[in-house]
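Trainee:
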Amino acid sequence: MPTGGKGIAPVTLPVNQVLQLERVYVYFASVVEAAVVRLLSREWAKLLALSSSSGLGDEARRGVLCQRVVGLVGNS
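Residue numbers (this note's numbering): 15 to 90.
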């Protein structure tokens with residue numbers, strides 16, 4: 015898209031708006047992190063229950079967990 019040689023003008027925000035955006039970002043990141051931790055904990059608990067009955071080792075559990083997480087993220 016041609017700009018006529020002028021380029022894109024820089025955007026300036028007041029400091030209070032920047033701080034407010036930062037707080038929103040930090041809050042959103044913490045919510046997402048908590049959801050991922052809950053999801054991984056739930057999946058790990060399922061795998062521990064499965065592995066105790068099937069004899070899966072740690073390496074196999076990690077592989078299955080990775081596959082499940084990739085599948086869950088891919089379906090989101």
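Glycine included, every Cβ here is placed at the ideal spot set by N, Cα and C.
For Leu61, does the count of other Cβ atoms within 10 angstroms reach 16, so buried, or fall short, so exposed?
Mentor: Reading the sequence shown from its first residue, position 47 is the one you call residue 61. Buried, since its Cβ has 16 or more Cβ neighbours within 10 Å.
Trainee: Can the beta-carbon of Glu47 be found less than 7 Å from the beta-carbon of Arg82?
Mentor: Taking the sequence shown and counting its residues from 1, the one referred to as residue 47 is at position 33. Taking the sequence shown and counting its residues from 1, the one referred to as residue 82 is at position 68. No, they are not a contact pair.
Trainee: What is the DSSP secondary structure of Lys99, reduced to helix, strand or coil?
Mentor: Given that the chain is displayed from residue 15 to residue 90, the structure contains no residue 99 and the question cannot be resolved.
Trainee: Looking at the structure shown, is Leu27 part of a helix, part of a strand, or coil, going by DSSP?
Mentor: Sequence index remark: in the sequence shown, residue 27 carries index 13 (1-based). DSSP places Leu27 outside both helix and strand once states are collapsed to three, so it counts as coil.
Trainee: Does Gly91 come out as helix, strand or coil in the three-state DSSP assignment?
Mentor: Examination of residue 91 is not possible in this model, given that the chain is present from 15 through 90 alone.
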